[in-house]
Amino acid sequence: MALKIIEHNSEEYRQMVALRDAILRKPLGLSFDQTELNGESNHILIGAFEEEDILGCCMLIEENPQTVRLRQMAVYNEKQGKGIGRALMNFAETLARDRGYKLLTMHARKDAQGFYEKMGYEPLGVFNSFSPTLHSASFWPVVPMYSTLSIREPLGPLIDIFP
Numbered sequence: 479m480a481l482k483i484i485e486h487n488s489e490e491y492r493q494m495v496a497l498r499d500a501i502l503r504k505p506l507g508l509s510f511d512q513t514e515l516n517g518e519s520n521h522i523l524i525g526a527f528e529e530e531d532i533l534g535c536c537m538l539i540e541e542n543p544q545t546v547r548l549r550q551m552a553v554y555n556e557k558q559g560k561g562i563g564r565a566l567m568n569f570a571e572t573l574a575r576d577r578g579y580k581l582l583t584m585h586a587r588k589d590a591q592g593f594y595e596k597m598g599y600e601p602l603g604v605f606n607s608f609s610p611t612l613h614s615a616s617f618w619p620v621v622p623m624y625s626t627l628s629i630r631e632p633l634g635p636l637i638d639i640f641p
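To convert a position in the sequence shown, counted from 1, into my numbering, add 478.
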């Protein structure tokens, strides 16, 4: 499996959009619009590939110079439980750290909460339960990362994003 940054509007990006559509959008009766996809050109787009085929993906979006948010994490259903999500998270954390971010956060669906907790994140707050995307909570690292993938050391003060 290869992990890499995906170029916006590339063939790999088209695979990423198809994966996110199948896993995150269609089950909820949602779809992407071109304006939304065009807005992703400034995000860090990440994919896990087996040869030329995408297995999983996510993206990082800068919230402020210290904080980046993980979004659109998806792994094909038949590929889940094989370490792809964990590898994507480790890769995303490393990219965030290498680019100088001090905090990585995400909003997670209820059915993904256990995954993020196993990765060392804990709920920060509860989201609107009426959300069509079924996000239940915002997560932050229990002890944010600094230097290595295996040990999450403090990045600095945690920021309460729900003032």
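C-beta atoms are modelled at their ideal positions from N, C-alpha and C, and glycine is treated no differently.
All of these numbers come straight from a predicted model, not from anything done at the bench.
Distance between residue j and residue i (C-alpha atoms, nearest Å)
{"i": "Tyr554", "j": "Asn487", "result": "21 Å"}
{"i": "Pro505", "j": "Leu581", "result": "30 Å"}
{"i": "Met494", "j": "Glu556", "result": "16 Å"}
{"i": "Glu489", "j": "Ala590", "result": "28 Å"}
{"i": "His585", "j": "Glu529", "result": "30 Å"}
{"i": "Asp576", "j": "His521", "result": "15 Å"}
{"i": "Asn516", "j": "Glu595", "result": "32 Å"}
{"i": "Phe608", "j": "Glu600", "result": "Residue placement at Phe608 is poorly supported in this model, since its pLDDT is 42, which falls under 50; the coordinates still yield a value, given next. Near 21 Å, if we compare the C-alpha coordinates of Glu600 and Phe608."}
Cut-off 8 Å between Cβ atoms - residues of its own chain near residue i, not counting five sequence neighbours on either side
{"i": "Ile524", "result": "Leu481, Lys482, Ile483, Ile484, Cys535, Cys536, Met537, Leu538, Leu566, Phe569, Ala570, Leu573"}
{"i": "Ser509", "result": "Asp499, Arg503"}
{"i": "Ser519", "result": "His486, Asn487"}
C-beta atoms of residue i and residue j nearer than 9 Å
{"i": "Met551", "j": "Gly561", "result": "no"}
{"i": "Met597", "j": "Ala526", "result": "no"}
{"i": "Pro543", "j": "Gly592", "result": "no"}
Neighbourhood of residue i by C-beta, 7 Å cutoff - its chain only, sequence neighbours within 5 removed
{"i": "Leu497", "result": "Ile532, Cys535, Ala552, Tyr554"}
{"i": "Tyr491", "result": "Ile484, Glu485, Leu523"}
Distance between beta carbons of residue j and residue i, contact taken as under 8 Å
{"i": "Thr545", "j": "Thr583", "result": "6 Å"}
{"i": "Arg547", "j": "Glu541", "result": "5 Å"}
Local conformation of residue i per DSSP, three classes
{"i": "Gln550", "result": "strand"}
{"i": "Asn487", "result": "coil"}
{"i": "Arg503", "result": "helix"}
{"i": "Tyr599", "result": "strand"}
{"i": "Glu571", "result": "helix"}
{"i": "Gly592", "result": "helix"}
{"i": "Leu508", "result": "coil"}
{"i": "Arg564", "result": "helix"}
{"i": "Glu518", "result": "helix"}
{"i": "His613", "result": "Low confidence applies to His613: its pLDDT is 44, below 50, so where it sits in the model is not reliable enough to give any reading."}
{"i": "Met494", "result": "helix"}
{"i": "Glu528", "result": "strand"}
{"i": "Lys557", "result": "helix"}
Sequence-distant residues of its chain with Cβ nearer than 6 Å to residue i (five each side left out)
{"i": "Gln558", "result": "none"}
{"i": "Ile501", "result": "Ala552"}
Any non-hydrogen atom of the ligand COA closer than 8 Å to residue i Cβ
{"i": "Ile522", "result": "With respect to the ligand COA, the structure offers nothing, as it holds no ligand at all."}
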